[in-house]
Structure formats: structure tokens, C-alpha cells
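In my numbering, the protein residues as written are 2 to 234.
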């Protein structure tokens, strides 16, 4: 029996954007459902149980971020938020609520599909994917708490390891400053964004090929960080 097609729910009140996203996703063999209001999205979330939700934040009957938790409770889909350039606070809030990633309008097909693939990979990983990252240079075994760079122990501090653990665990997903502070150091209530930046700089110096131009732990300006290393097959 051939594998079933992935289902995508596109939630946006602009018909042109829905048409563009539908054609892009259909070309990638998704079964696509469309909604232009929160009410329609809730109903389709219940009936279609999508694997992917592409969600605009500005909907005519409310804030799209209010859909994140209800939709997640039904089918645990990967959620990709569409945001405008001036919506930094709103997209950070959406990520804190559980969205996997965001794409800033305007965007192209290549960027959009790269974000979709990363969000779906994260969804699979959260459902029991591999706990080991290995790109031939950097090895991170989350189960055994082992980190190796070119076969050597980089001697990470507990805080640096906490950051790396969360980033690798959620590889491909952007983690906000707040999410990292709460998950990497849950017992340290005094840590702030500046402390996070300092420890991230130290972590990069120990694991990045070129710490001045990081390619593993990358910055999402004004939002947080993302681990985008590529493990070998």
C-alpha cells in the first residue's frame, strides 16, 4: 500500500496567498485544505487532522496565535507562522505558544519549502526520532550526554551543554530567548537574555568551525536561535 499523503491546512484571509501556497504544496504532493477565518480553521483542524498548518497571524475574526494550542491538541501538526516584517513581538509570542517556525512576508517557494521540511523533521523527532547528531565533525549524543568535536571533548560547562542539548533536541526549529532560558536552565531564575548571549558565544567558540560566522547555532535576530547543522546520512 502506498504511503498516505501529508495533509496541510493553510489559514490566511488573502486569497492570492492561499492560491500560491496551495499550488506550492500540491506540487510537493500535499493534500491541501484552506481556511480564511479562525472558525473555519478550527473546524478543519478537527475534521482533517493536518500534519502541517501554515498560519497567518492577522485573521478577520481574531489573532491567529490563538489557534496554535487548539490545533496542536487535535493532531500535533507542524505549525509554520506567516508574519509581516513589523510583527516581531507577535511571532515571538506564536513561537512561545508552540509554533515551530515562521516565514516573513514576502517569501519565495525555496525559502517556504525549506521551512516546511525543517518543521516536519522537528515534528518527527519529537515523536521519537534519533537522539544522536553526527555530521562527521561534531557528535552530540543526547542520551549519553556526550559531545565530541573532531574526536575531542570540548569541555562544555553545564550551561553550555544545556543550550546545546535544547538546540539539538529541537534541530531546525527556532527557539525563542524565553524558551531557551526556561528549558536549558530551568532552575536559574536569574538568567536573562544577556547571559544567554554570553553563554552562546562561549558555546560557539567550542563547537563552531568558525565562531565568528556560525553555521550550527545560528541567530534569528530579535527572536532567538536555531540549530541548523546537517547530520550525515
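The beta carbon of each residue, even a glycine, is placed where N, CA and C say it ideally should be.
These numbers were taken from a predicted model, which means no experiment stands behind them.
Figure out for me which residue from 66, 192, 203 has the closest Cα to the Cα of residue 95.
66
Do residue 1 and residue 55 have their CB atoms nearer than 8 Å?
Residue numbering for the chain in the displayed model covers 2 to 234; residue 1 lies beyond these limits and cannot be assessed.
Ordered along the chain, which non-local residues of its own chain (more than five positions away) have a Cβ less than 6 Å from that of residue 230?
136, 217
List the endpoints of the continuous beta strand (DSSP E) containing residue 108.
Neither: residue 108 is in no beta strand (DSSP E) and is coded neither H nor E.
Check each candidate in 182, 188, 209, 211 and name the one with the smallest Cα separation from residue 198.
Ranking 182, 188, 209, 211 by Cα distance to residue 198 puts 182 first.
Which whole-angstrom value describes the C-beta separation of residue 206 and residue 184, a residue pair presumed to lie in contact below a C-beta threshold of 8 Å?
The Cβ separation is near 22 Å, so there is no contact.
Our contact map puts residue 101 next to residue 81 with C-beta atoms below 8 Å; I'd like the distance itself, whole angstroms only.
6 Å
In whole angstroms, give me the CA-to-CA distance for residue 38 and residue 223.
Whole-angstrom Cα-Cα distance: 29 Å.
Per DSSP, which residues does residue 227 bridge with? Please list them.
For residue 227, which the question treats as bridged, DSSP gives the partners 175, 219.
Counting only runs of 3+ residues fully inside the region 128-172, write out the beta strand (DSSP E) ranges in chain order.
133-135, 139-142, 147-150
Does residue 21 come out as helix, strand or coil in the three-state DSSP assignment?
helix
Assuming residue 41 and residue 8 are in contact, meaning their beta carbons sit under 8 Å apart, how far apart are those beta carbons, in whole angstroms?
Actually they are not in contact, since the Cβ atoms of residue 41 and residue 8 sit about 15 Å apart, beyond 8 Å.
Looking at the secondary structure, which residues open and close the beta strand (DSSP E) in which residue 84 lies?
Boundaries of the beta strand (DSSP E) harbouring residue 84: 79-84, taken from the DSSP string.
Can you give me the Cβ contacts of residue 194 inside the same chain, cut-off strictly under 7 Å, excluding the 5 residues immediately before and after it?
178
Run through the DSSP bridge pairs and tell me what residue 9 is partnered with.
33, 53
Only counting the same chain, and skipping five residues up and downstream in sequence, which positions put a Cβ closer than 8 Å to that of residue 138?
150, 151, 210
Counting only the same chain and skipping the five closest in sequence on each side, list residues whose C-beta sits under 6 Å from that of residue 85.
Cβ neighbours of residue 85 beyond the five flanking positions: 106.
Which partner residues of residue 60 appear in the DSSP bridge assignment?
63
From what residue to what residue does the alpha helix (DSSP H) around residue 187 run?
Per DSSP, residue 187 belongs to no alpha helix (DSSP H) and is neither H nor E.
Starting from the C-beta of residue 71, find all residues in its chain whose C-beta is less than 8 Å away, skip the five residues before and the five after it, and write them out in chain order.
So the list reads 43, 46, once near-sequence residues are dropped.
Below 8 Å on the Cβ atoms is my guess for residue 165 versus residue 141; work out the distance and round it to an integer in Å.
6 Å
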